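**Q** Everything in the sequence shown is counted per my numbering, starting at 14 for the first residue and increasing by one.
Handing you this structure, nothing more for now.
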Amino acid sequence: MIRVLIADDHKIVRDGLRRILAANADIEVAAEAASGDEALALVRASDYDVAMLDMSMPGLSGIDLIKRLRIERPKLRILVLSMHGEDQYAARALKAGAAGYLNKDSAAELLVGAIRKIAAGGVHIGEAAAASLVSSEKQPHQALSDREFEVLRLLVAGQSPTGIAEQLHLSVKTVSTHKTRILEKLNLKSTADLVRYALENKLS
């Protein structure tokens, strides 16, 4: 039996995923979390074979959450289920310790197959992610650190530096420094330019 933890801040998404997985005799939804912090607490308290994570949740999320879960439970297999394009996010998720990345638009059969594959020790990525991993053409945002990339993602989502500081447990000054470096690395001048860049490169 594959014990799965579902972590997503939208109940309707969790309910849908639970129904899909419940139709498979070899998969059990053992727990659900509505935030990254809740997912981390559940992983500390019990054993799961696969943690299925949304990239964007309140509190601890994204790359930081993947890294923390891997520290807490090195044997835990992590499948990222996200609405973000896999060609932009999968490489960072895999580098952080995820075993798979799946877009939320994927069919139910693909999701079940991905869970079984990574639970057995394999890795699952789609064609777009595979192409980006082997591509020799570097895009400017690929030069950002994981922390800078998280700040970029939150800025583009409309969060203020104060809100980002609270979510990432940083000082507002540190967030402002990250923002300045992001703009420099991407050769941009304002948050509006950053939003435009994110839309053009499917980062939001």
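The beta-carbon is built from N, C-alpha and C at its ideal position, and this holds for glycine as well.
Note that the structure is a prediction, hence the values are computed from the model and not measured.
(1) For K186 and Q172, I'd like the C-alpha separation in whole angstroms.
(2) Where do the N-terminal and C-terminal ends of the alpha helix (DSSP H) with R27 fall, by residue?
(3) Using a Cβ-Cβ cut-off of 7 angstroms (strictly less than) and excluding sequence neighbours within five positions of V188, which residues of its own chain qualify?
(4) Do the CB positions of G113 and I84 come within less than 8 angstroms of each other?
(5) Under three-state DSSP, which class holds Y210?
(6) For Y114, does the three-state DSSP call read helix, strand or coil?
(7) Out of S158, L201, I15 and V169, state which residue places its alpha-carbon closest to the alpha-carbon of R90.
(8) So, using beta-carbon positions, are R32 and I19 closer together than 8 angstroms?
(9) Which whole-angstrom value is the C-beta distance of L92 and L115, which I expect to be below 8 angstroms?
(10) State yes or no: is the C-beta of V17 within less than 8 angstroms of the C-beta of Y61?
(11) Please list the terminal residues of the continuous alpha helix (DSSP H) segment that includes S189.
(12) In the DSSP output, what is H137 paired with across the bridge?
(13) Do E161 and H191 count as a contact pair if the criterion is CB distance below 8 angstroms?
(14) Since A64 sits in a beta bridge, which residues does DSSP pair it with?
**A** Checking against the coordinates, here is how it stands:
(1) As a position in the sequence shown, residue 186 is number 173, starting the count at 1. As a position in the sequence shown, residue 172 is number 159, starting the count at 1. Between K186 and Q172, the C-alpha separation is close to 15 angstroms.
(2) Mapped onto the sequence shown, residue 27 falls at position 14. Following the DSSP letters along the chain, one finds R27 inside the alpha helix (DSSP H) bounded by residues K24 to A35.
(3) As a working mapping, residue 188 is identified with position 175 in the sequence shown. Around V188: V164, P174, I177 and A178.
(4) Here residue 113 refers to the residue found at position 100 of the sequence shown. Here residue 84 refers to the residue found at position 71 of the sequence shown. Not closer than 8 angstroms, so no.
(5) By one-based count along the sequence shown, residue 210 stands at place 197. Residue state, collapsed to three classes: helix.
(6) Start at 1 with the first residue of the sequence shown, and residue 114 comes out as number 101. Residue state, collapsed to three classes: strand.
(7) Position 77 of the sequence shown, counted from the first residue, corresponds to residue 90. The shortest C-alpha separation from R90 is found at I15.
(8) Reading the sequence shown from its first residue, position 19 is the one you call residue 32. Reading the sequence shown from its first residue, position 6 is the one you call residue 19. Not a contact, by the Cβ cut-off of 8 angstroms.
(9) Counting from one through the sequence shown, the residue named residue 92 turns up at place 79. Counting from one through the sequence shown, the residue named residue 115 turns up at place 102. The pair is a contact, with the Cβ atoms about 6 angstroms apart (cut-off 8 angstroms).
(10) On the sequence shown, residue 17 is found 4 positions in, with the first residue counted as 1. On the sequence shown, residue 61 is found 48 positions in, with the first residue counted as 1. A contact, by the Cβ cut-off of 8 angstroms.
(11) One-based indexing of the sequence shown puts residue 189 at position 176. Element bounds for S189: V185 to K198.
(12) Translated into positions along the sequence shown, residue 137 becomes position 124. Bridge partners of H137: G113.
(13) One-based indexing of the sequence shown puts residue 191 at position 178. One-based indexing of the sequence shown puts residue 161 at position 148. A contact, by the Cβ cut-off of 8 angstroms.
(14) Mapped onto the sequence shown, residue 64 falls at position 51. Answer is L18 and I91, bridged to A64.
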